[in-house]
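*Asks:* Mind having a look at this structure? Questions to follow.
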Amino acid sequence: MRLKDKVALITGGSSGIGLATVRRFAEEGAKVVFCSRRAPEKISDFMQELKDAGIDANVRYVQCDVSDEAQVKALAQYVKDTFGNCEILFNNAGIHLAGKLLETPPEAWDRIMGIDLRGVYLVSYYILPQMLEGGWGSIINMSSVSGICADYAMCAYNTAKGAITNLTRAMALDYADSNIRVNAVCPGVVRTAIAEHTFECVPGSEELFRQNYPTHLIADPVEVANACVFLGARESDAINGVNLPIDGGITCHTGQPQVGTY
Ligand code: NAD
Numbered sequence: 184m185r186l187k188d189k190v191a192l193i194t195g196g197s198s199g200i201g202l203a204t205v206r207r208f209a210e211e212g213a214k215v216v217f218c219s220r221r222a223p224e225k226i227s228d229f230m231q232e233l234k235d236a237g238i239d240a241n242v243r244y245v246q247c248d249v250s251d252e253a254q255v256k257a258l259a260q261y262v263k264d265t266f267g268n269c270e271i272l273f274n275n276a277g278i279h280l281a282g283k284l285l286e287t288p289p290e291a292w293d294r295i296m297g298i299d300l301r302g303v304y305l306v307s308y309y310i311l312p313q314m315l316e317g318g319w320g321s322i323i324n325m326s327s328v329s330g331i332c333a334d335y336a337m338c339a340y341n342t343a344k345g346a347i348t349n350l351t352r353a354m355a356l357d358y359a360d361s362n363i364r365v366n367a368v369c370p371g372v373v374r375t376a377i378a379e380h381t382f383e384c385v386p387g388s389e390e391l392f393r394q395n396y397p398t399h400l401i402a403d404p405v406e407v408a409n410a411c412v413f414l415g416a417r418e419s420d421a422i423n424g425v426n427l428p429i430d431g432g433i434t435c436h437t438g439q440p441q442v443g444t445y
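Okay, here's the thing in C-alpha cells:
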C-alpha cells in the first residue's frame with residue numbers, strides 16, 4: 184500500500200476527480216477526510232461502496248465550503264482531532280465558469296476567485312502548520328491545462344488556475360526545507376460533471392475535444408487520481424514545484440495547423 188496510514192485531506196471530494204481520489208487513497212491505505220460545499224445525496228451510496236470493499240473505516244466526510252474561513256479552520260481541526268496531523272492535502276475543490284471578460288460580472292469573478300483560488304490558499308493556510316508539526320507533507324493543488332495556457336472565453340477560470348500554477352511554485356520553494364513538497368496536477372478535459380455540462384450545453388463539443396487532443400481521448404477521473412497517489416506518496420519525494428499536465432499532450436502543441444511534410 185503506497186499511502187499506508189498517511190493522513191489525507193481531499194477538498195471537493197463528493198464527485199468527479201475528488202471522489203475518484205478518495206477511493207484511490209483509501210485503497211492505498213490512507214486515512215482520508217474529504218469535504219464538499221453541500222452534502223451530496225449519493226454520499227451514503229459511496230460510503231456503502233467503500234464498506235463493501237472493506238476500506239470505509241478510515242474515511243470521513245465533512246461538509247465545508249472552502250471559501251469560508253471559519254468552516255476551513257474547523258475542517259483542519261477536525262482532521263487533526265480525528266486522525267492526527269494532516270500529511271497529504273489535495274486542494275481539489277473548484278467550480279468552472281465560461282465567459283470573456285465582459286461576460287464575467289464582478290460577482291461571478293469574485294465567486295470563482297473565492298472558491299478556486301482563495302480556497303486553495305485558505306485550506307493550505309490552516310493545514311500547513313500541521314505538516315510543519317508532523318515534519319513531512321505533500322500538497323497537491325488542482326490546477327488545469329487552463330492554468331498553463333489560456334482558453335477562449337474562460338477569462339476568470341484561466342486567471343484562477345494560472346494563479347494556482349504559480350502559487351504551487353511559490354509554496355514549493357518556501358516549504359522545501361521543511362520537508363513539505365507542493366505540486367499541482369493540470370488535467371485537460373476529464374469526464375466529470377464539469378465536462379458533461381459543456382458537452383450538453385454545446386452540441387458537438389465532445390467530438391471537438393476528441394479531435395483536438397493528440398490522443399483523441401477524454402480522461403477518466405481515476406487517471407488524475409492515480410497521479411495524485413504518486414504525488415502524495417513517498418515515492419515522489421524528489422518531485423517538488425511541478426505542474427503536471429495530464430492532458431494527452433495538448434499543451435505540447437503550438438496551435439499551428441498540421442500541414443504535413445513538404
Ligand atoms: P465536480 O463538479 O465533479 O467536482 C467539484 C467538487 O468541488 C465537488 O465535490 C464540489 O462539491 C466541490 N466544490 C465546489 N465548490 C466548493 C466549495 N466552495 N467548497 C467545497 N467544495 C466545493 O468537477 P471535477 O471536474 O471533478 O472538478 C474538480 C477539480 O478539477 C476542479 O478544481 C476543476 O477546476 C478541476 N479540473 C477539472 C477538469 C475537467 O475537465 N473535469 C479539468 C481540469 C481541472
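The sequence shown begins at 184 in the working numbering and counts up one residue at a time.
Here a beta-carbon is modelled for each residue, glycine too, at the ideal position from N, C-alpha and C.
Just to check my reading of the structure: VAL303 and ILE331 have Cβ atoms closer than 8 angstroms, yes? What is that Cβ distance to the nearest angstrom?
*Replies:* Not confirmed; about 16 angstroms, so no contact.
*Asks:* If you follow the beta strand (DSSP E) that VAL262 is part of, which residue opens it and which one closes it?
*Replies:* Unbroken run through VAL262 is the alpha helix (DSSP H), 252-266; no beta strand (DSSP E).
*Asks:* Using the three-state DSSP reduction, which class does CYS369 fall into: helix, strand or coil?
*Replies:* Here CYS369 sits in strand by DSSP.
*Asks:* Got a sec: does the ligand NAD put a non-hydrogen atom nearer than 7 angstroms to the Cβ of CYS247?
*Replies:* Correct: CYS247 has its Cβ closer than 7 angstroms to the ligand NAD.
*Asks:* Indicate whether ILE433 and ASN409 have their beta-carbon atoms separated by less than 8 angstroms.
*Replies:* No; because the gap between Cβ atoms is not below 8 angstroms, this pair is not in contact.
*Asks:* Could you tell me the boundaries of the alpha helix (DSSP H) in which ASN307 lies?
*Replies:* A small correction: the amino acid at residue 307 is Ser; Asn does not occupy that position in the sequence shown. That run of the alpha helix (DSSP H) goes 301-317.
*Asks:* According to DSSP, which residues form a beta bridge with ASN274?
*Replies:* Note: ASN274 sits in a beta bridge opposite ASN324.
*Asks:* If you count every other CB in all the chains shown that lies within 10 Å of the CB of CYS411, and 16 or more means buried, which is it?
*Replies:* By the 10 Å Cβ count, CYS411 comes out buried.
*Asks:* Which residue spans inside the stretch 336-384 form an unbroken beta strand (DSSP E) run of at least 3?
*Replies:* As far as the stretch 336-384 is concerned, its whole beta strand (DSSP E) runs of at least 3 residues are 363-370.
*Asks:* Let's test the definition: count the other Cβ atoms within 10 Å of the Cβ of ASN423 and tell me whether it reaches 16, buried, or not, exposed.
*Replies:* When all chains shown are included, ASN423 counts as buried.
*Asks:* Just the C-alpha distance for ILE401 and THR194, rounded to the nearest angstrom, thanks.
*Replies:* Going from the Cα of ILE401 to the Cα of THR194 covers about 23 angstroms.
*Asks:* Look at the Cβ atom of TRP292, then the Cβ atom of ASN362, and state whether they are nearer than 8 angstroms.
*Replies:* Cβ atoms of TRP292 and ASN362: not closer than 8 angstroms.
*Asks:* Using only the heavy atoms of the ligand NAD, determine whether one of them is closer than 7 angstroms to the beta carbon of THR434.
*Replies:* No, since every heavy atom of the ligand NAD falls outside the 7 angstroms radius drawn around the Cβ of THR434.
*Asks:* So what does DSSP say about PRO428, is it helix, strand or coil?
*Replies:* Strand.
*Asks:* I believe VAL190 touches GLU316 by the beta-carbon criterion, under 8 angstroms. Please report the beta-carbon distance rounded to the nearest angstrom.
*Replies:* The pair is not a contact, with the Cβ atoms about 12 angstroms apart (cut-off 8 angstroms).
*Asks:* Are the Cβ atoms of LEU272 and ILE226 separated by less than 8 angstroms?
*Replies:* No; because the gap between Cβ atoms is not below 8 angstroms, this pair is not in contact.
*Asks:* In angstroms, rounded to a whole number, what distance separates the CA positions of ASP188 and TYR340?
*Replies:* Distance between the alpha carbons of ASP188 and TYR340: 35 angstroms.
*Asks:* What residues are listed by DSSP as bridge partners for TYR244?
*Replies:* PHE217, per the DSSP bridge assignment.
*Asks:* Can you find the residues in the same chain that come closer than 6 angstroms, C-beta to C-beta, to ASN324, ignoring five residues on each side of it along the sequence?
*Replies:* Counting only Cβ-Cβ distances below 6 angstroms, and skipping sequence neighbours, we find ASN274, VAL303, ILE347, THR351, ALA367.
*Asks:* Excluding the five sequence neighbours on either side, which residues of its own chain have a C-beta within less than 7 angstroms of the C-beta of PRO428, listed in chain order?
*Replies:* These residues qualify, in order along the chain: VAL328, ILE331, CYS369, THR434.
*Asks:* In whole angstroms, what is the alpha-carbon distance linking ALA376 and TYR445?
*Replies:* Between ALA376 and TYR445, the C-alpha separation is close to 43 angstroms.
*Asks:* So is GLN246 in contact with chain C if we call contact Cβ pairs under 8 angstroms?
*Replies:* Going by chain labels, chain C is absent from the structure shown, which holds only one protein chain.
*Asks:* Kindly indicate which three-state DSSP category ILE295 falls into: helix, strand or coil?
*Replies:* In this structure, ILE295 counts as helix in the three-state DSSP scheme.
*Asks:* Report the option in TYR335, ARG393, ASP420, GLU406 whose CA atom is closest to the CA atom of VAL365.
*Replies:* Selected option, being the one with the closest Cα: ASP420.
*Asks:* Nearest-angstrom Cα distance between GLU224 and LEU258?
*Replies:* C-alpha separation (whole angstroms): 20 angstroms.
*Asks:* Tell me where the beta strand (DSSP E) around THR194 begins and ends.
*Replies:* That run of the beta strand (DSSP E) goes 190-194.
*Asks:* Assuming PRO404 contacts ARG374 (C-beta within less than 8 angstroms), just tell me the rounded distance between them.
*Replies:* Yes, they are in contact, since the Cβ atoms of PRO404 and ARG374 sit about 7 angstroms apart, within 8 angstroms.
*Asks:* Just the C-alpha distance for VAL425 and GLU418, rounded to the nearest angstrom, thanks.
*Replies:* Rounded to whole angstroms, VAL425 to GLU418 spans 15 angstroms at the Cα level.
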